[in-house]
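If you're matching positions, the sequence shown starts at 814 in the working numbering and goes up one per residue. Here the structure comes first, spelled out in structure tokens, and everything after it is commentary.
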Amino acid sequence: MGSGLEYKNITFSLTKIGTALSSENRLDRLFDLIVDEIIDFASCDACSLFIRQDEPAQLVFQASRTLSLEDSGTRKEFNAVPVELSRSSIVGHTALTGEIINIPDCYHISETLSYSHNRNYDTESGYRTISLLSVPIRYQDGSIVGVIQLINKLDDEGKVIAFPEELQQLISSIASQAAVAIRNAQLQNIQTESSFVFNSLLLALCAYSFFLAILQKSQGNSMMPTLITAGFSGLFLVISILVIWKTNLPLSFFGITLNNMKKSLLESGLATIFVVAILTLVKIWAVKHWVVFQGAPIIDWSLWGVSYYTYVLIAPIQEFISRGVLQSSLERSMSDSRFRSFTAIVISSCVFGSFHIFYSLGLALLTVVSGFLWGYLFSRHKNIVGISLSHFIIGDYISLLGFWNLLLTI
């Protein structure tokens, strides 16, 4: 297309692009397709597509292409690091405000504006960004899912010019089509992931039934419950790894991240102190009024054993499985944004608690209740470090108070 916007068959071109986008369901290929189609349609030298991420708040590169660097054969490897979701960056400003930004020359941006051009890419690649167009990708409800950034509009002679205002509306139309295609692809991926998680839970349920049968046949073997727990944890760990592989989501989505580490440790630490204080008061009352505990120490250090050390490994694994994978996957599969976090916490806690019934009903109920606490904390910071430490401390403390053996009799 020329600088005078002498577009031929624009309607046909937009329809062709829409058809192409709607026929692609794989997100990685869809992102590449969007970039390729826009470069061809807008006659620009480069295009990048960013997807918004809220935890942490940033824009993540999903696809990027620069024709001149490809043609020159001197393309350098560029580390496409995420862009902070801030109004100080051009794409960040678009993502936060929904404003279309059209800059004729990125090296002469008015200092009165809140955003500026980041020259790192130009410096690392030897490229020079001149004209730039930043367009939001909006869902139908108005929420902004990402940003399309076009760089260096070319005229018929290959000279860099500013992006015409007429082109803004056309690219916005393509961005709307891209939003629909992205949403459809995401929904299909979620449906596939949900089906996989459901089938995995069915497999785990079948395995649990067999484990119960083995336990009944092995009554009198004190090691059998421990072996069953280890085997079942191993099975769930394998399933969790397969879920992560199937979804192709980053580990940070499942709580394995350094993001929100301080918040995770602080909130989980405060919750742990509160629970430990309540448990201590209950034990003091029990020693005075409950025959079972009369004369017993508040904390019985004679109960300390090897299992207390191994729990430092078991607790994080259980939190990774129940909160990191199961709760996160359930929440992702639910469409009701108002209650999906609460529903995911309840379901994951009940599922994980039900697999403790072979120990006792009391322990299973305690697992469900504690799951509500750790599930809520996880939903706030999406980090398993704090809740894993809390799980380890509270679990061992319950045993040292002598409540573990009591729970096994309920």
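Just so it is clear, CB atoms sit at the ideal spot from N, CA and C, and this is done for glycine as well.
Of the residues 883, 932, 947, 866, the one placed nearest residue 851, counting alpha carbons only: 947
Length of the line joining the Cα atoms of residue 809 and residue 930: Residue numbering for the chain in the displayed model covers 814 to 1223; residue 809 lies beyond these limits and cannot be assessed.
Residue of 1021, 883, 924 minimising C-alpha distance to residue 902: 924
Of the residues 1178, 857, 1118, 1135, the one placed nearest residue 980, counting alpha carbons only: Closest by alpha carbon: 857.
Cβ shell of residue 984 (< 6 Å), same chain only, five flanking positions each side left out: Taking C-beta separations shorter than 6 Å and ignoring five residues to either side along the sequence, the partners of residue 984 in its chain run 948, following chain order.
For residue 1185 and residue 1157, the rounded distance between their alpha carbons: The straight-line gap from Cα to Cα measures roughly 10 Å.
8 Å contact criterion, which residue 1161 and residue 1135 should meet: CB distance rounded: At roughly 6 Å, the Cβ-Cβ gap stays under 8 Å, so residue 1161 and residue 1135 are in contact.
Beta-carbon separation (whole angstroms), residue 882 vs residue 908, contact threshold 8 Å: Taking a contact as a CB-CB distance under 8 Å, the pair residue 882 and residue 908 does not count as one, their CB atoms being some 25 Å apart.
Those residues which DSSP pairs with residue 959 across a bridge: In the DSSP output, where bridge partners are listed per residue, residue 959 has 864, 950.
Best match in 1077, 916, 1000 for proximity to residue 978 [C-alpha to C-alpha]: 916
DSSP beta-bridge partners of residue 873: 864
DSSP beta-bridge partners of residue 967: 973
Contact under 9 Å by Cβ, residue 1182 with residue 1067: No Cβ-Cβ contact shorter than 9 Å links residue 1182 with residue 1067.
CA nearest to the CA of residue 1013, picked from 1199, 914, 1053: 1053
Secondary structure of residue 1207, DSSP reduced to three states: Shown here, residue 1207 sits in a helix according to DSSP, grouped into three states.
Residue 1103 to residue 1218 span [Cα, whole Å]: About 15 Å.
Cβ-based neighbour list, residue 1174, same chain, cut-off 8 Å, excluding 5 preceding and 5 following: 1223
Buried versus exposed call for residue 1196 [16 or more other C-beta atoms within 10 Å across all chains shown]: buried
Chain-order list of residues whose beta-carbon lies under 8 Å from that of residue 846 (same chain, five-residue window excluded): 833, 834, 837
Residue 915: first and last residue of the uninterrupted beta strand (DSSP E) it sits in: 914–916
Length-filtered (4 minimum) alpha helix (DSSP H) runs lying within the region 1093–1161: 1119–1132, 1141–1146
When 854, 919, 1010 are compared against residue 1060, the one with the closest alpha-carbon: 1010
Bridge-paired residues (DSSP) for residue 879: Beta bridge pairing from DSSP links residue 879 with 859.
Beta bridge counterpart(s) of residue 897 as assigned by DSSP: 871
Straight-line Cα distance separating residue 896 from residue 859: Spanning the two alpha carbons is a distance of roughly 17 Å.
Nearest-angstrom Cα separation, counted from residue 1129 out to residue 1048: 15 Å
Close beta carbons around residue 1108, own chain, < 8 Å, minus the five adjacent residues each side: If you ignore the 5 residues before and after residue 1108, its C-beta comes within less than 8 Å of the C-beta of 1100, all in its own chain and listed in chain order.
Within 9 Å, strictly: CB atoms of residue 992 and residue 951: In contact: residue 992 and residue 951 (Cβ atoms closer than 9 Å).
CA-to-CA distance, residue 1208 to residue 1171, given in whole angstroms: 18 Å
Residue 855 to residue 966 span [Cα, whole Å]: 7 Å
Contact belief for residue 1021 with residue 1168 at Cβ below 8 Å, rounded distance in angstroms: 6 Å
Same chain, Cβ closer than 8 Å to residue 958, five either side skipped, listed in chain order: 864, 865, 950, 951, 952, 992, 995, 996
Residue 944 in three-state terms, based on DSSP: coil
Residue 937 burial status per 10 Å Cβ neighbour count (16 or more: buried): exposed
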